[in-house]
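In my numbering, the protein residues as written are 1 to 148.
Now the structure itself:
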């Protein structure tokens, strides 16, 4: 596990994800070798001052200049309400704990919803196994009336 003292620079919500940016404000980057291997993967991050606990996030990028190192993360969904607990810490110095996750990016971005099993035949028609769908017929099929 990597622990860093960082400035929680910003937290921004767009239509599909939360974007979190942290700045390491020093000339030296602690744990640089480990951190440079993590972008492009899923990480578990924990802002230790909050009670949100570990949150799974895509480690999008790490950018360095002569004054700071910027760590950027995307969080896809907040089903447990953890991310909303972090809003109060944006703009302040926090202790950030990071560790790699076993989850792949594809697994992270999969939608968790029930789906219908189906097969597409070679002619383009779709077949659905019995018991998944039902078609309810309207009681009165003659709903159109001729008006003169």
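The C-beta atom is built at its ideal place from N, Cα and C for all residues, glycine as well.
- Residue pairing by DSSP places residue 83 opposite no residue, since no beta bridge is assigned to it.
- When secondary structure is reduced to three states using DSSP, residue 43 falls in the strand class.
- If you ignore the 5 residues before and after residue 68, its C-beta comes within less than 7 Å of the C-beta of 23, 24 and 25, all in its own chain and listed in chain order.
- Here residue 1 is exposed, its C-beta having fewer than 16 other C-beta atoms within 10 Å.
- Under DSSP, residue 97 forms a beta bridge with 3 and 46.
- Each of 14, 28 and 32 was checked against the Cα of residue 98, and the nearest Cα belongs to 32.
- Using a 10 angstroms sphere on the CB of residue 83, the tally of other CB atoms reaches 16 or more, which defines it as buried.
- Per the DSSP secondary-structure output, residue 13 pairs in a beta bridge with 18.
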